[in-house]
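Numbering (the numbering used here), first residue to last: 274 to 771. Note that beta-carbon positions come from the ideal geometry of N, C-alpha and C, so glycine has one too. This one's a predicted model, so the numbers in the text were calculated from it and none came from an experiment. Accompanying notes for the structure given below.
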């Protein structure tokens with residue numbers, strides 16, 4: 274017996290000899306009907322129709338079972354169309370019913386709002402409309418307090434006031450904070466350039482029921498009680514500032530005002546026109562800088578003199594008497610039409626060009642260290658293995674000597690072997706450290722490495738390149754061990770006599 278899960282499809286046996294065939298005896302109408310049944314290309318004459326249908330092939334249009342199946346298919350299509358129409362009709366009816374329910378819900382809600390409008394009789398800080406007690410309101414036929422959320426903190430518990438028109442709710446905790454803030458707004462009467470809003474004295478303000486000065490932290494120096502108490506506050510921005518920062522700000526304002534007055538006075542003293550600077554110059558001794566006579570280093574290349582004679586305050590240009598004479602002569606030669614292509618090489622002391630062994634000793638560093646580095650930045654194209662290693666160059670006792678060495682190495686001993694004029698075709702970044710006066714020169718030509726030379730204090734260099742001295746000592750120890758191994762190997766060779 275067959276399994277119940279096996280197919281119950283009946284087996285049909287067809288005898289090919291009993292099937293009707295296409296022949297030349299058929300009429301054109303019969304052949305066209307067969308073409309339609311088979312979905313074969315139609316023709317106008319009998320020869321083409323027989324060629325398309327192939328003489329001797331099965332004639333489907335003459336088989337009764339085929340017409341029966343076609344009728345069943347047509348009936349199924351009609352039923353399918355009827356079901357589709359009924360589904361669409363049901364969907365339209367369902368949508369209309371849902372729309373009617375929604376409109377009814379909206380209408381009832383509007384009626385509910387109108388009926389509860391008379392309950393909105395309270396004023397609440399932080400909200401413009403009148404509000405009502407949440408426990409007395411209904412929302413969608415149910416008590417509003419069951420589904421409301423505080424519009425400030427999002428809490429679903431403890432709402433005490435609501436506004437039906439704005440769908441706004443507030444809990445007791447947030448209401449207390451708003452009342453506290455609203456009642457203290459009148460105390461904000463002080464103006465300060467430290468903050469755009471009006472400020473109030475911190476000691477007179479409350480925060481969560483406690484005196485604000487007990488917990489306020491200064492937003493400028495980040496200090497708070499008990500070390501530092503804030504003096505002024507803005508409750509709207511939650512901003513506080515201490516008395517020390519206020520005093521420092523006032524001092525900065527006064528210093529800036531005095532500096533502006535100095536600049537106005539100094540500007541009237543710039544009346545000397547020269548041929549080596551675009552702006553008029555003034556005597557350096559006549560200019561003031563923060564209440565003291567102006568002191569500056571000479572801007573002429575290769576000169577470190579601090580005894581400047583002429584200055585331009587707007588351009589931060591200062592020059593000594595000797596360099597002013599050189600610049601004047603050089604500019605006169607250019608005006609006379611002499612072919613001066615580039616300035617002469619700067620004059621450096623012998624100890625700058627050829628440092629002594631003591632200056633080149635990395636183990637016994639002097640007060641100021643000159644270092645250099647060269648490598649590609651992180652540009653997404655060249656291989657990047659981190660910042661390039663800072664190589665020791667030399668060390669000196671004074672910052673002036675170290676800065677001179679920085680200029681000499683950068684302009685005349687750079688990694689590309691370029692001249693100073695060729696380097697200046699690119700942008701050279703020059704910076705001076707404020708506290709020590711250490712000079713840093715940096716250049717990054719297109720599609721090339723970044724070359725940097727800098728002068729820093731000995732302690733800074735030991736922090737920047739802590740492993741360099743250790744690596745050099747390890748290399749020396751390895752070289753000594755290799756030499757000892759070679760000597761032992763030589764003496765251990767067997768003696769061979771000939």
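message: Just verifying my parser: in three-state terms, what is the DSSP assignment at residue 586?
response: coil
query: Whose CA, out of 483, 506, 457, lies closest to the CA of residue 493?
result: 506
query: To which residues of the same chain is residue 509 closer than 7 Å at the C-beta, ignoring the five residues directly before and after it?
result: 470
message: By alpha-carbon positions, which one of 421, 398, 435 ends up nearest to residue 454?
response: 398
- request: Can you tell me the Cβ-Cβ gap for residue 555 and residue 539, rounded? I've got them flagged as a contact below 8 Å.
  value: 7 Å
- prompt: Exposed or buried, what is residue 666 when buried is set at 16 or more other beta-carbons lying within 10 Å of its beta-carbon?
  reply: buried
message: Could you compute how far the alpha carbon of residue 421 sits from the alpha carbon of residue 431?
response: 9 Å
Validate contact between the stretch 308–326 and the stretch 282–293 using beta carbons, cut 8 Å, 3 pairs: no
- prompt: Anyone know if the C-beta pair for residue 408 and residue 424 falls short of 8 Å?
  reply: no
query: Would residue 649 pass as a contact of residue 601 if the rule is Cβ separation under 8 Å?
result: no
message: For residue 641, list the residues DSSP reports as bridge partners.
response: 669, 730
- prompt: Where residue 458 and residue 477 are concerned, what is the direct C-alpha to C-alpha distance, given to the nearest angstrom?
  reply: 11 Å
- prompt: Cβ atoms of residue 525 and residue 504: under 8 Å apart, would you say?
  reply: no
message: With the cut-off set at 8 Å, would you say residue 435 and residue 405 are in Cβ contact?
response: yes
query: residue 623 by DSSP, collapsed to three states: which one?
result: helix
query: Where does residue 725 sit, in a helix, a strand or coil, going by DSSP?
result: strand
- prompt: What are the boundary residues of the beta strand (DSSP E) that includes residue 468?
  reply: 468–474
One or two residues paired with residue 591 in a DSSP bridge: 584
task: From the DSSP output, read off the bridge partner residues of residue 443.
output: 434
Touch test, the stretch 623–641 against the stretch 660–677, Cβ-Cβ under 8 Å, three pairs minimum: yes
field: residue 520 classed as buried or exposed, judged by whether at least 16 other C-beta atoms fall within 10 angstroms
entry: exposed
- prompt: Where does residue 680 land, buried or exposed, given buried means 16+ other C-beta within 10 angstroms?
  reply: buried
message: So residue 725 and residue 646 are supposed to be a Cβ contact under 8 Å. How far apart are they, rounded?
response: 5 Å
task: Please work out which residues of its chain come closer than 8 Å, Cβ to Cβ, to residue 731, disregarding the five sequence neighbours upstream and downstream, and give them in chain order.
output: 638, 639, 640, 641, 642, 668
Where residue 524 falls: helix, strand or coil (DSSP): helix
- request: Using alpha carbons as the reference points, say which of 501, 412, 594, 296 lies closest to residue 331.
  value: 296
- prompt: Along the chain, where does the alpha helix (DSSP H) that runs through residue 388 open and close?
  reply: 337–389
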